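Residue 1038 in the numbering used here sits at position 239 of the sequence shown; the count goes up by one each step and never skips. Idealized CB from N, CA, C, for every residue including glycine. Being a predicted model, the structure only gives us computed values, none of them experimental. Please read the structure below before turning to the comments.
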Amino acid sequence: MADYLVIVESPAKAKTIEKYLGKKYKVKASLGHVIDLPRSQMGVDVENNYAPKYITIRGKGPVLKEIKDAAKKAKKVYLAADPDREGEAIAWHLAHSLKIDEQAECRVVFNEITKDAVKDAFKQPRPINMDLVDAQQARRVLDRLVGYNISPLLWKKVKKGLSAGRVQSVAVRLIIEREKEIQNFEAEEYWKIKASFEKDGEQFEAGFYGVDGKKAELHSREDVDNVLKRIEGDQFNIQSVQKKERKRNPANPFTTSSLQQEAARKLNFRAKKTMMLAQQLYEGIAIGKQGTVGLITYMRTDSTRISETAKEEAKEYIEGKYGETYLSGKKTAKKQSGKSQDAHEAVRPTSVMRDPSEMKAYLKRDQLRLYKLIWERFVASQMAPAIMDTMSVDLENNGTIFRATGSKVKFKGFMKVYVEGNDDNKKEEDKMLPDLEEGMNVDSSEIDPTQHFTQPPPRYSEARLVKTMEELGIGRPSTYAPTLDTIQRRGYVALEDKKFVPTELGEIVLELILEFFQDIINIEFTAGLENDLDKIEDGDAEWISVINEFYQNFEQKLKVAEEEMEEVEIKDEPAGEDCEKCGSPMVIKMGRYGKFMACSNFPDCRNTKPILKEVGVTCPKCKEGNVVERKSKKNRLFYGCDRFPECDFLSWDKPIKRPCPKCGDLLVEKKTKKKKEIKCVNCDFIEEEN
């Protein structure tokens, strides 16, 4: 039997670590938590200093027994769960189950699963950090006090199966408030005037800037006409030419939040998928003769710090690959803002020498895409700034000023490897101006005014919502993906075109919570609680005091809500058709995933069917049915005939009403990240939409 037992969370992690430690070590996986609060009850003794009631998780008994049996035969047990609050709590529960003194040097932590990092960690084991444990314990107790007290109220007053959570309710609130902003938005008219010029055969454009040296805005056609009346002829005089050199610094290496945002922008990954793939890369991948190796550092972090070893390796790689001029002269960020835990390094490759092109043979497609993103971001973060030549030219005609701007990359620097994405999917391109000098005259070939209207704020995508939650201090790295997943599973929000929209159920639940528990889902209050949890972790606050201060106020609000909250009856609407099975009227019901049709003769008749949204196109296959929106098992939108299964017409692209002008066949709307176009399913007709 091995001399030492090491306990980690996952089998993949166990396999990687066991290879590094050698024959004297046996590594076993707990498969996550083995001890937790019971699901069937709140599990918090409010009368006894909020003491948690921990039990062995159902189904984990055999796992815990196997670990206990192995521990009895080992000289020493090491607890090597992940290096965060949750990992510390897992280690603490295991220590209690195995009767290990929490003050003993039994806890081993490492930020990356590589041979050197793991071996170094085992040279310096430490006691369990009870401040970390208490911070995690406080979070669990807070969430139980909120969820297990408000949820039964919602069951009683609205419908069974509803739930309310401290962080998830704030996320739903953000989505609903954004939807109200969009609904209440009043578009304002504005105009732009674009002028086209030519100099020595080179075309360039300028936009209206102002009049008589002052910037001016155009709010109406009348404003535009006044500007156009002032322009005398086609000749403009170049009033000023400004040329500048501008530096552009690379983005920091990834935190959890920025990784989820960039993976959404560039790879179209949901937050949940990004974290799943990152976990696989962290825990270890078999790399040929090297064996199983962790390819990235720990992926739940608020930090942008980089170890000196990683910096030196990156420096060596960049200098060898691109030359000394591409090396960064700046220092990497040391500490994040006050809202940040800053507990680890940034998310980075464990070795920059593992070029993504060399990893292609060992990684699945999506693993490779995420690894490449992390690798490129890290390498770019250690490279020199890009240098841009910028040029700004003011052109004047009778006091009317048009401004042309251009820029060109003079030295690519970090941009040779990676450029950060943006939420608007705007592609960055060089926009050059010809050689222009002050006093020179140029002629305009066209002056084109265009009308525009201000746009409402965009709905939240997953990336935008994660970014907003991080900026507001709501949640922490480990909570973003589970929170987004929960609010969708509960049916409070839905994704349409990859943007969050609230459901009627979500609006009803939020309205009730806002009426009686406004403080609980107040953004500043929630962020303040996160800061209190950070103080507990730092040893600057006592967890029972934090919980008690919260609960005294919450308990009073709970009593008022129990007495005054009125029942909300979600009435069934007539569907306007009869059940094809028993002839009773069909009704529209509110379900977890929105509205659906059901037989009013329930439970004697259990017939249900989805509410289908017509797109206004006759089925091109059977010529009898109508094309309707449907959803796949994976919640992906597609289009089919409402006579299914008699007609099996199916299209992932939305059919549109008019026929192809070239062959008369079906036209569909195809969307990509960069553009939207109308295409014929039969011929080569394509029409790009503006």
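With a cutoff of 8 Å on beta-carbon distance, Phe-1053 and Val-1146 are scored as near each other.
If you draw a 10 Å sphere on the C-beta of Phe-1299, you find 16 or more other C-beta atoms in it, and that means buried.
For the pair of segments examined, the stretch 960-972 was found not to touch the stretch 1359-1373: the number of CB pairs separated by less than 8 Å stays below three.
Tyr-1279 is the residue among Glu-1245, Tyr-1279, Asp-915 whose C-alpha sits nearest the C-alpha of Met-1075. Met-1187 and Val-966 have their alpha carbons spaced roughly 42 Å apart. Cβ-Cβ distances below 6 Å link Asp-1193 to Gln-1038, Ser-1039, Ile-1200, Arg-1202 in the same chain, with the five nearest sequence neighbours on each side left out; the list follows chain order. The beta-carbon distance between Gln-1079 and Gln-1166, rounded to whole angstroms, is 6 Å. This is short enough to meet the 8 Å contact definition. Boundaries of the alpha helix (DSSP H) harbouring Lys-1334: 1322-1336, taken from the DSSP string. For Glu-1118, the enclosing alpha helix (DSSP H) has its first and last residue at 1107-1121. Here DSSP, grouped into helix, strand and coil, assigns Pro-1155 to helix.
Taking the Cα of Val-826 as reference, the smallest distance to any Cα among Arg-838, His-832, Lys-812 is reached at Lys-812. Annotation: Ala-920 to Asn-948 spans about 42 Å, alpha carbon to alpha carbon.
Two segments are said to touch when three or more pairs of C-beta atoms, one from each, lie closer than 8 Å; by this definition the stretch 895-904 does not touch the stretch 938-946. The Cβ atoms of Gln-1060 and Val-908 lie no closer than 8 Å to each other. A direct Cα-Cα distance of roughly 6 Å separates Thr-913 from Val-1092. In the DSSP assignment, the residues bridged to Ala-1203 are Val-1192. Linking Pro-1049 to Ile-1477 through their CA atoms gives a straight-line distance of about 38 Å.
Residue burial is scored here from C-beta neighbours: Ile-1410 has fewer than 16 other C-beta atoms within 10 angstroms and is therefore classed as exposed. Taking the Cα of Tyr-1217 as reference, the smallest distance to any Cα among Met-1182, Ser-1056, Asp-999, Ala-1262 is reached at Met-1182. Just so you know, the alpha carbons of Lys-1043 and Met-1158 end up roughly 41 Å apart.
Distance check between Thr-1204 and each of Lys-1230, Gly-1220, Lys-1215 places Lys-1230 closest, using alpha-carbon atoms only.
Ala-903 sits in coil when the DSSP states are folded into three classes, being neither helix nor strand. The criterion of a C-beta distance shorter than 8 Å is satisfied by Pro-1155 and Tyr-1170. In the structure shown, Gly-1006 falls within a strand segment according to DSSP collapsed to helix, strand and coil.
Lys-818 and Arg-1442 have their C-alpha atoms spaced approximately 58 Å apart. Taken in chain order, the complete beta strand (DSSP E) segments of 3 residues or longer contained in the stretch 1375-1436 are 1384-1390, 1393-1398, 1407-1409, 1412-1417, 1425-1430. Where Arg-1047 is concerned, the enclosing beta strand (DSSP E) starts and stops at 1034-1047. In the structure shown, the three-state DSSP call for Trp-954 is helix. When secondary structure is reduced to three states using DSSP, His-895 falls in the helix class. Under the 8 Å Cβ criterion, the stretch 1392-1403 does not count as touching the stretch 975-988, having fewer than three qualifying pairs. Taking C-beta atoms as the reference points, Lys-859 and Val-833 count as a pair closer than 8 Å.
Here Ala-934 has Arg-884, Leu-1332, Asp-1333, Ile-1335, Glu-1336, Trp-1342 as same chain residues with Cβ atoms under 8 Å from its own Cβ, once five neighbours each way along the sequence are excluded. Between Phe-1007 and Phe-996, the gap from beta carbon to beta carbon reaches 8 Å or more. The beta carbon of Glu-808 sits closer than 8 Å to those of Ala-828, Ser-829, Leu-830, Gly-831, Ala-880, Asp-881, Gly-886, Ile-889, all from its chain and outside the five residues before and after it, given in chain order. Judged by beta-carbon spacing, Val-1416 lies beyond the 8 Å limit of Glu-1428, meaning their Cβ atoms are not closer than that value.
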